[in-house]
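Residue numbers (the working numbering), protein chains in the order written: chain A, 3 to 228; chain B, 4 to 176; chain C, 34 to 183. See structure below.
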Amino acid sequence: MASSQPAKPPLIGQPSSAQRGSQPGLRYPASGKTIYHRPLNRSRTQELSQASFAYLFGEMVSYAQKRVTGIQDLEKRLNTQGHPIGLKLLDLLLYREPPRTQTRPLHIIALLQFITTILWKHLFSRPADALEKSSNPETPDEYMISDNEPLVNQYISVPKEMNQLNCAAFVAGIIEGVCDGSGFPARVTAHSVGKGEEGELWPGKTVFLVKFQPEVVEREAYLGRT
Amino acid sequence: MVVYSFYIFDRHTECIYSRIWARRDRPASGSGASTRPVSDSSSSSNPPITDLGPARARPARLSAQDDAKLIFGTIFSLRNMVRKLGGPEDSFISYRTGQYKLHYYETPTNIKFVMLTDTQTLNMRNVLHQIYVNLYVEFVVKNPLSPVEHPGGEGVANELFELALDQFVKGVL
Amino acid sequence: MVVYALIIINKAGGLIYQRDFAEGLNKLSINDYLVLAGTFHGVHAISTRLNPLHSSTARSSTDSRPEPPSGIEVLETENFRLQCFSTLTGTKFLLFTEPDQPNVDAIIRRIYELYADYVMKNPFYQIEMPIRCEVFDRRLGQYLRPLNSR
């Protein structure tokens, strides 16, 4: 990892400080190789420090918290932060699939399985804990992905006055990005369910509620008939 | 095991006796028996100070009198804290920092014995108790020339007590 | 093996966390705990000044920074033992245990780790303020309960 790291800020007094003037903004490592020059497959198995992620995510939450009107607004902002990541990850993860299966999911179930296995393993090194279809006949467009212990929430204690908030709204945004990107527009929200008898075991359990747009369900029904 | 200093405080919070076994240098290995007891019981003399470099902005060395006041403040606060938490029967025995260890013993008449040693030293409570019983009571309390109270340390630093204390501490080591 | 209580004091001497894990110490009012934290903070500072040794080793090697004198690390009484761990940033962890509790160093380091994880990485925690982190409370309980029941 060390060799391929993006440019470190040059120390004052080093020769590279002379170059700084000519390259405002982005800085390049001495070798000229940035993250964009790296083969996409190379970093497949590389892992990041969870601590550094926790600090980064903490700052993201604090940033999103500035000038928000309420918890809904805060969750919306976190969702927005995750959305572009989902769009990009869809492309990257499909590219990394073996050539034969390198097609985007065409059915809701295939899409959700892609999310709960491949996306989840890429992000959190493990598959999601459950995938369910809503049992309510009135909402056939709703699916639920559960994670017993979302990695993003591991170090977060939400204060009592904000107990509606679940910072995994960021992950919901990623899921939403993947769904949107593959042509299944949906609304994804994160809900804490770690209360009651289940809360003893998994106090941080989170359900991501995926609600597809009506046209998606309609199309799915049509596809199912043929 | 090294004893650095020894203090007695009376029930009026006054330091009535202090003794510093000053040491010129810290032995490199810590095992050296180079303890040179430069005995003095007066409060005016300090451990010899080699010049502190100008770069080192250490607070100036405190006088022995200030030291005694600080020690009293410390043990007084800690004793109260311990009683608050551990109940009125609890008593504070010792504390240790990275550099030294402070031992504490209080008699029923509220006279406080304090000894500063190196950090390796084990519990010195019974040693302090023996100093009280065998030295303080014998040579200070039973001395007909010594006053009942000791304002300014009067009557404590008599020849017999000093000599016996020196021998006792050397014997303990 | 019994761990009685934990107190965390911020670098200004303010009490930011207090929790009892077992019976054994007197219960104090919150005000008394605040006073206790302030008192200990002061005594801790004084105890660094009382160092009877004035290290000659530090003076001989002027280029290396001498180890700063540490304040109270362990306090022993008849009924309990108080271990104090002071972080480099001046936060103090006070752990009250039985007088002959072994391995307090390891316990207090683990508590520091939990603090670093579940308090410092929590975006809703305001630094130097009282700690109200549900996950920290839970993890601390999970870690110390088995130790106490052993």
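Glycine residues also receive a C-beta, built at the ideal position from the N, C-alpha and C atoms.
>> Strictly below 9 Å CB to CB, what residues from chain C border G34 (chain A)?
In response: Within chain C, no residue comes near G34 (chain A); the closest Cβ sits about 35 Å away, beyond 9 Å.
>> Here's the rule: buried if 16 or more other CB atoms are within 10 angstroms of the residue's CB, otherwise exposed. What is A53 (chain A)?
In response: That one is exposed.
> Does DSSP classify I41 (chain C) as helix, strand or coil?
Replying inline: DSSP places I41 (chain C) in the strand class (E or B) of the three-state scheme.
>> Give me, in chain order, the residues of the same chain whose beta-carbon lies closer than 7 Å to that of S184 (chain A); leave out the 5 immediate sequence neighbours on both sides.
In response: L92, R106, P107 and L113, listed in sequence order.
> L176 (chain B) to I23 (chain B), Cα distance in whole Å?
Replying inline: When the Cα atoms are used, L176 (chain B) and I23 (chain B) turn out to be separated by approximately 15 Å.
>> Counting only Cβ pairs nearer than 7 Å, list the residues of chain B close to V76 (chain C).
In response: Simply T77, S80 and L81.
> Name the chain C residues whose beta carbon is nearer than 7 Å to that of I74 (chain B)?
Replying inline: Ordered by position in chain C, the residues that pass the 7 Å Cβ test against I74 (chain B) are L83.
>> Against chain A, which members of the stretch 132-145 of chain C pass a CB distance test of less than 7 Å?
In response: So the list is empty, because no residue satisfies the distance condition.
> Under the DSSP definition of a beta bridge, which residues are partnered with V117 (chain B)?
Replying inline: Bridge partners of V117 (chain B): B:Y10 and B:Y107.
>> For P161 (chain A), count the other beta carbons within 10 Å of its own beta carbon; 16 or more makes it buried, fewer makes it exposed. Which is it?
In response: Classification of P161 (chain A): exposed, given that the 10 Å Cβ count is below 16.
> How is H193 (chain A) classed by DSSP in three states: helix, strand or coil?
Replying inline: In this structure, H193 (chain A) counts as strand in the three-state DSSP scheme.
>> Which residues of the stretch 91-102 of chain B have a Cβ closer than 7 Å to any Cβ of chain C? Give them in chain order.
In response: Going along the stretch 91-102 of chain B in chain order, one finds D93, S94, F95, I96, S97, Y98, R99, T100, G101 and Q102 with a Cβ nearer than 7 Å to chain C.
>> Would V172 (chain B) pass as an interface residue toward chain C - the criterion being a Cβ-Cβ separation below 8 Å?
In response: So no, V172 (chain B) is outside the interface.
> At which residues does the beta strand (DSSP E) containing S148 (chain A) begin and terminate?
Replying inline: Segment E144 to D149, the beta strand (DSSP E) holding S148 (chain A).
>> On the CB-based measure, 16 or more other CB atoms within 10 Å of its CB, does K207 (chain A) come out buried or exposed?
In response: Buried, since its Cβ has 16 or more Cβ neighbours within 10 Å.
>> Check whether the stretch 132-152 of chain B and the stretch 92-101 of chain B are in contact - that is, three or more C-beta pairs closer than 8 Å.
In response: Taking a contact to require three or more Cβ pairs closer than 8 Å, the stretch 132-152 of chain B and the stretch 92-101 of chain B do not qualify as touching.
> Is DSSP giving S184 (chain A) helix, strand or coil here?
Replying inline: Coil.
>> Quick check on P132 (chain C): buried or exposed, where buried means 16 or more other Cβ atoms within 10 Å of its Cβ?
In response: Here P132 (chain C) is exposed, its C-beta having fewer than 16 other C-beta atoms within 10 Å.
> Whose C-beta lies closer than 7 Å to the C-beta of A192 (chain A) among residues of the same chain, with five residues either side of it excluded?
Replying inline: The beta carbon of A192 (chain A) is closer than 7 Å to those of N168, A170, A171, V173, A174, T208 and F210 in its chain, skipping five residues each way along the sequence.
> In or out: I134 (chain B) buried (at least 16 other Cβ within 10 Å) or exposed?
Replying inline: Residue burial is scored here from C-beta neighbours: I134 (chain B) has at least 16 other C-beta atoms within 10 angstroms and is therefore classed as buried.
> Across which residues does DSSP place E134 (chain A) in a beta bridge pair?
Replying inline: BP columns for E134 (chain A) point to A:M146.
>> Helix, strand or coil for R102 (chain A)? Go by DSSP, reduced to three states.
In response: DSSP places R102 (chain A) in helix when its eight states are reduced to three.
> What three-state label does DSSP hand N49 (chain B) in the structure shown?
Replying inline: Annotation note: pLDDT 44 at N49 (chain B) (below 50); position unreliable, coordinate value reported separately. Looking at N49 (chain B) - three-state DSSP - the assignment turns out to be coil, as it is neither helix nor strand.
> the stretch 148-159 of chain C: which residues have C-beta closer than 9 Å to a C-beta of chain A, in chain order?
Replying inline: Going along the stretch 148-159 of chain C in chain order, one finds A149, D150, Y151, V152, M153, K154, N155, P156, F157 and Y158 with a Cβ nearer than 9 Å to chain A.
> Does S93 (chain C) get closer than 8 Å to chain B when you measure Cβ to Cβ?
Replying inline: Caution applies to S93 (chain C), whose pLDDT of 46 falls short of 50 and renders its modelled position unreliable; the value that the coordinates give is listed next. No Cβ of chain B is located within less than 8 Å of the beta carbon of S93 (chain C).
>> Just checking: is the beta-carbon of T110 (chain C) within a distance shorter than 8 Å of some beta-carbon in chain B?
In response: Yes - at least one Cβ of chain B is within 8 Å of the one on T110 (chain C).
> When the cut-off is 8 Å and only beta carbons count, does I158 (chain A) lie next to chain C?
Replying inline: Yes - at least one Cβ of chain C is within 8 Å of the one on I158 (chain A).
> For chain B, is any of its Cβ atoms less than 8 Å away from the one on V107 (chain C)?
Replying inline: Using a Cβ-Cβ cut-off of 8 Å, V107 (chain C) counts as an interface residue toward chain B, since at least one Cβ of chain B sits closer than that to its own.
> Given a threshold of 16 other Cβ atoms within 10 Å of its Cβ, counted over all protein chains shown, does Y20 (chain B) qualify as buried or as exposed?
Replying inline: Answer is buried; the Cβ neighbour count reaches 16.
>> Short of 6 Å in beta carbon distance, which residues of its chain neighbour R189 (chain A), apart from the five on each side in sequence? Order them along the chain.
In response: Only K213 meet the Cβ criterion.
> How about G108 (chain B) and L131 (chain B): do their beta carbons lie closer than 8 Å?
Replying inline: Correcting the residue identity first, residue 108 (chain B) is Tyr in this sequence and not Gly. In contact: Y108 (chain B) and L131 (chain B) (Cβ atoms closer than 8 Å).
> Leaving out the 5 sequence neighbours to the left and right, which residues in its chain are closer than 8 Å to E152 (chain B) when beta-carbon positions are compared?
Replying inline: Within its own chain, the residues whose Cβ lies closer than 8 Å to the Cβ of E152 (chain B), once the five positions on either side in sequence are excluded, are D13 and H15, listed in chain order.
> Pick from B:N129, B:N161 and B:S66: whose alpha carbon is nearest that of P147 (chain B)?
Replying inline: The option with the nearest alpha carbon to P147 (chain B) is B:N161.
>> For K125 (chain C), list the residues DSSP reports as bridge partners.
In response: Answer is C:I42 and C:S119, bridged to K125 (chain C).
>> Taking 8 Å as the threshold (beta carbon to beta carbon), is R52 (chain C) in contact with chain A?
In response: When Cβ-Cβ separations below 8 Å define contact, R52 (chain C) makes no contact with chain A.
> Would you say Y59 (chain C) reaches chain B, if we count a Cβ-Cβ gap shorter than 8 Å as a contact?
Replying inline: According to the sequence shown, residue 59 (chain C) is Asn rather than Tyr. Yes, because at least one Cβ of chain B sits closer than 8 Å to the Cβ of N59 (chain C).
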